[in-house]
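FYI, numbering that gives the first Met the number 0 numbers position 50 of the sequence shown as 49, with every residue one higher than the one before it.
Glycine is no exception: its CB is placed at the ideal position from the N, C-alpha and C atoms.
For clarity, every value in this text was computed on a predicted model and none was experimentally measured.
First comes the structure, then the notes that go with it.
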Amino acid sequence: MPYILSTQAMDGFYGTFYKTTIAMRKQIAAANWKMNGTYQQAESLLNEILQAKIALKPFQEVIFAVPFPYLIMSNSVVANEYHYHISAQNCYHKASGAFTGEVSAEMLRSIGIRYCVIGHSERREYFGEDNALLAGKADLCLKNEITPLFCCGEPLAVRESGNQNQYVADQIEASLFHLNKEDFSRVIIAYEPIWAIGTGKTAAAEQAQEMHSFIRSTLKKKYGEETAAATPILYGGSVKANNAAELFACEDVDGGLVGGASLAADDFIEIVKALKG
Ligand code: 13P
């Protein structure tokens, strides 16, 4: 789990020795509220979670992906909280122009948003977003200094046919592997098997670990050991207060992207507390 951040040669009385800085890669509990709740409910939910004053380690983060109209309010609620960040749930794949009703990455940046979910399976399914279009979103996010929280994951039929690894690798390659190493190192991956989303049917911890380790090995082939070891890979799909600890304990699972259970303060607080640390 810990990876070597840097090794620095230092000369001392006894000769040269090496100071190695060991760092933990980020562990993240991300809430995806989807299209739920009013402005007032959103504000109380955030405040309730902050009031729990969860003791977070330096490498632990909490991200709330909230509906567009709540971004500014949410950002000001967490403004003085070091470990808490606000994310958009989507942005458009073009920079600007005559796209009525859409929101650009530049607009998000202009209101201080530094995270954006892209490629959620609901957007792929209901809004026809494909891998190539998501490559454009990733570029625009990075150009605007927004961290993309890139979702991938296979449908049930693919899992049943045993081709889930290839399916997920294809999604990641097609949407992200055009990025150079520096840009890629700002990406967060969320593996969300579609058959586990909103179904109450969580992937078993072994299934999650197997896929996350496969994703990390795919990243290693492309970007090398250090980048692969530092990339947070979150699990999403029916994460609940009673299964989060088991999932997050897996070596390559760096937290979760949580839908339903992120809408109840008590449940989400427990999920945050379950982060590895
Ligand atoms: P659920 O936690 O409700 O299954 O949703 C997962 C999800 O889609 C998070 O993005």
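Flag Asp265 as yes if its beta-carbon sits less than 8 angstroms from any beta-carbon of chain B, otherwise no. As a matter of chain content, chain B is missing from the structure shown, which is built from one protein chain.
Excluding the five sequence neighbours on either side, which residues of its own chain have a C-beta within less than 7 angstroms of the C-beta of Leu274, listed in chain order? Locating residue 274 in the sequence shown gives position 275, counting from the first residue. Contacts found: Gln26, Ala28, Gln59, Phe247 and Gly254.
Straight-line Cα distance separating Ser160 from Cys115: Looking up residue 115 in the sequence shown gives position 116. Looking up residue 160 in the sequence shown gives position 161. Distance between the alpha carbons of Cys115 and Ser160: 32 angstroms.
With a CB to CB cut of under 8 angstroms and the five nearest residues on each side skipped, what residues in its chain are close to Leu175? Counting from 1 along the sequence shown, the entry for residue 175 is found at position 176. Counting only Cβ-Cβ distances below 8 angstroms, and skipping sequence neighbours, we find Ala134, Ala137, Phe149, Phe183 and Val186.
Touching or not, the stretch 265-273 and the stretch 213-229, by the rule of three or more beta carbon pairs under 8 angstroms? no
For Thr20, the three-state DSSP class (helix, strand or coil): By one-based count along the sequence shown, residue 20 stands at place 21. Since pLDDT at Thr20 reaches only 49, below the 50 mark, its modelled position is unreliable, and the value read off the structure follows with that caveat. Strand.
Taking the alpha carbon of Tyr190 as the point to measure from, which residue in His177, Asn164 and Asn241 has its own alpha carbon closest? Against the sequence shown, residue 190 aligns to sequence position 191. Checked all of His177, Asn164 and Asn241; the closest Cα to Tyr190 is Asn164.
Close Cβ partners of Ile53 (< 7 angstroms) along its chain, the five nearest in sequence each way excluded: As a first step, residue 53 must be located in the sequence shown, where it is residue number 54. If we look at Ile53 and ignore the five residues flanking it on each side, its Cβ neighbours are Ile268, Val271 and Lys272.
Identify whether Phe183 lies in helix, strand or coil by the three-state DSSP scheme. By 1-based counting over the sequence shown, the position of residue 183 is 184. Phe183 falls in the helix class under three-state DSSP.
Where does Leu256 sit, in a helix, a strand or coil, going by DSSP? Translated into the one-based positions of the sequence shown, residue 256 becomes position 257. In this structure, Leu256 counts as strand in the three-state DSSP scheme.
Mind reading off the beta-carbon distance from Ala195 to Gly236? Whole number of angstroms is fine, and I expect it under 8 angstroms. Position 196 of the sequence shown, counted from the first residue, corresponds to residue 195. Position 237 of the sequence shown, counted from the first residue, corresponds to residue 236. That belief holds up - the Cβ atoms of Ala195 and Gly236 are roughly 3 angstroms apart, short of 8 angstroms.
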